[in-house]
Amino acid sequence: MSSFKDDALIALDNLADRASGLVNPAVRLGVTGLSRAGKTVFISSLVHNLLNGGRLPVFEPIRSGRVSKVRLEPQPDDAVPRFQYERPYRRPRPGSGMAGSTRAISQLRVTLDYESASGWNRMFSPGRLSIDIVDYPGEWLLDLPLLAQDFRQFSETTVQRARAGTRASLSREWLALASVSGATAAADEGSARRLAESFTAYLQGCKADDRSLSTLPPGRFLMPGDLEGSPALTFSPLPDLPAGRAPKGSLWAMMERRYEAYKTHVVSPFFREHFARLDRQIVLVDALQAINRGQEALSDLEQALADVLACFRPGTNSWLSSLFTRRIDRVLIAATKADHLHHESHDRLERITARLVSRAAERIGMSGAGLDVMALASVRATREATVNHDGHALPVIVGTPIAGERINGEMFDGERKTAIFPGDLPQDPEVLFEAADGRSRTSKSAEAKPAMPELNFVRFRPPHLEETRGGLKLSVPHIRLDRAMQFLLGDRLA
Ligand SMILES: Nc1nc2c(ncn2[C@@H]2O[C@H](COP(=O)(O)OP(=O)(O)OP(=O)(O)O)[C@@H](O)[C@H]2O)c(=O)[nH]1
Ligand SMILES: [Mg+2]
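1060 is the number that the numbering used here gives the last residue of the sequence shown; the numbers go up by one with no jumps.
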């Protein structure tokens, strides 16, 4: 592990950041989450609301009127693509919601002129803060543990997981191919490529919509960024490696070399050059999707989040903490798309999300002031209503389901509005997790698995953004976006 060199480089980077921060203070906000969690929509809505004077009553600097000017600026890092803020709202992909996919890291700078709340700060602070918003796939964070694993350990963990549960049927083809190829056979590019492709197909299968199993490393196999097809991505773990070392010239040796290259040239640089420089972090979680898909998806998500959280407190892992100086001091775990629920369920979603990360947070000693959990909707696509159902008032949400969504067998075309009763989240989150663990605290019999509650979450189209006649864009409606901003940024604008 070349941690000494890494350390020195990071120290240099941080020093440069600090030095330029004296002239123009900046805070680097990382926005991440597994694919489709809502990163792009979150950033777009946050920026849009800042730029267009959106309703942000809980974000104190805005509420108190201390922010005088907000503007987009060229972002300072030449090697990182700019986040296309203008794109998601101008050109929505037909049918499928709001934005294209986050394929790689991107960055956007918003600069705020403000008046500090305290007289002393007013004297000394330049009254200007740049917020560098960095969007990157959460899948990449799952790679961190690889830095501590050699090829044998990586193969063993990956194969073990591939043989359990639903994954067993998805991985069959890849594992069969791997044992036919044989680890000690002579290396050749063709079989390396076929194996890598088969392995990638297995990872993709886990991720497919109807399964929603969370992603396993290597993160770039599903989110290759600009590395698609390069040798560093053309490898596969191998099952049942014999004892000893890889014979020279074998497939095994080739895979091992590429795996190490992946760590050196892909994983390490990401953590060193990007991750280590973040100050604040929001992790977006599509908890509703996992709840909707059932128990295996839920415990899978819990596991993935534990791996993600471990990145934020490397202190528990001594070799890791030497890889980057700790800098992120606030982490927000946010369950997205809360607008799919009636507001009565928002607090429940929050509790479920808190439960999803509680064990992991405890394990890495991260509960407390630096960590918060909330349920939010970056964009509110629904409104609430009450309908009369057999004499009972039933709380429903009204919106336009995206094309192809089904409710009770009825298919929607993306134009028609409907009211649905999304179902109730359980008041006690343990109900879901007991079910996920396959055991119950309340019932004595081991067979009596509590059923998952009947839930029905539909994906809705975003609201149309209307413009006033003066050409002024209306603010994007949201749920608790301002609360998230206050936690992540409020103190930096105090
Ligand atoms: N109703 C609603 N839908 C949302 C919200 N945020 C995201 N979505 C939906 O989720 C989809 C994915 O959101 P994105 O912001 O593209 O997610 P992402 O994390 O950037 O996804 P990738 O870049 O593909 O990894 C969108 O197309 C929306 O349909 C929200 O606050 N409310
Ligand atoms: Mg995205």
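Just so you know, even glycine gets a beta-carbon here, dropped at the ideal spot from N, CA and C.
| Query | Result |
| --- | --- |
| Is the number of C-beta pairs between the stretch 902-915 and the stretch 928-944 that are closer than 8 Å three or more? | yes |
| Can you tell me which of the three DSSP states residue 968 falls into? | coil |
| Pull up the CB-CB distance for residue 939 and residue 599, whole angstroms please, since I reckon it's below 8 Å. | So it is not a contact: roughly 14 Å between Cβ atoms. |
| Which residue marks the beginning of the alpha helix (DSSP H) containing residue 954, and which one marks its end? | That residue, residue 954, is in no alpha helix (DSSP H); its beta strand (DSSP E) goes 949-955. |
| For residue 598, verify whether its CB is less than 6 Å away from any heavy atom of ligand 2. | no |
| Alpha carbon to alpha carbon, what distance is there between residue 912 and residue 979? | 28 Å |
| At which residues does the alpha helix (DSSP H) containing residue 916 begin and terminate? | 912-929 |
| Leaving out five residues on either side along the sequence, give the residues of the same chain with a beta carbon under 7 Å from the beta carbon of residue 953. | 960, 962, 985 |
| May I ask whether a heavy atom of ligand 2 can be found less than 6 Å away from the beta carbon of residue 902? | no |
| Tell me whether residue 853, by its Cβ, gets closer than 6 Å to a heavy atom of ligand 1. | no |
| Is residue 557 near residue 722, with beta carbons less than 7 Å apart? | Residue numbering for the chain in the displayed model covers 567 to 1060; residue 557 lies beyond these limits and cannot be assessed. |
| For ligand 2, I want to know if residue 605 counts as a neighbour, meaning its beta carbon is within less than 6 Å of at least one of the ligand's heavy atoms. | yes |
| For residue 590, which option in 606, 628, 698 has the closest C-alpha, if you only look at C-alpha atoms? | 698 |
| When the Cα of residue 649 is compared with those of 626, 673, 641, which residue comes out closest? | 673 |
| Could you tell me if residue 982 is buried or exposed, where buried requires 16 or more neighbouring beta carbons within 10 angstroms of its beta carbon? | exposed |
| What residues in its chain sit with their C-beta under 8 Å from that of residue 950, if we drop five residues either side in the sequence? | 908, 909, 961, 962, 963, 964 |
| Near residue 877, what residues of its chain come up, given a Cβ to Cβ distance below 6 Å and the 5 sequence neighbours on each side ignored? | 707, 710 |
| Would you grab the beta carbon distance between residue 782 and residue 718 for me? Rounded to a whole angstrom, and I think it's under 8 Å. | Residue 782 to residue 718, Cβ: 17 Å. No contact. |
| Measure the alpha-carbon distance for residue 1057 versus residue 768 and round it to whole angstroms. | 44 Å |
| Which of helix, strand or coil does DSSP assign to residue 628? | helix |
| Which residue or residues does DSSP assign as beta-bridge partners of residue 702? | Answer by DSSP bridge pairing: none, since residue 702 is not bridged. |
| Helix or strand or just coil, what does DSSP make of residue 1030? | coil |
| Measuring only the C-alpha atoms, how far is residue 780 from residue 872? | 12 Å |
| If I measure Cβ to Cβ from residue 751 and keep anything under 6 Å in the same chain, skipping five residues before and after, which residues do I get? | 817 |
| When you measure from the CB of residue 945 to every non-hydrogen atom of ligand 1, does any distance come out below 6 Å? | yes |
| Consider the C-beta atom of residue 905 and the heavy atoms of ligand 1; say whether any pair is separated by less than 6 Å. | yes |
| Thinking residue 847 and residue 596 are a contact (beta carbons under 8 Å), I'd like their distance in whole angstroms, please. | 4 Å |
| On the three-state DSSP scale, how would you describe residue 651? | coil |
| Using C-beta distances below 6 Å, list every residue in its chain close to residue 802, excluding the 5 sequence neighbours before and after it, in chain order. | 761, 762, 765 |
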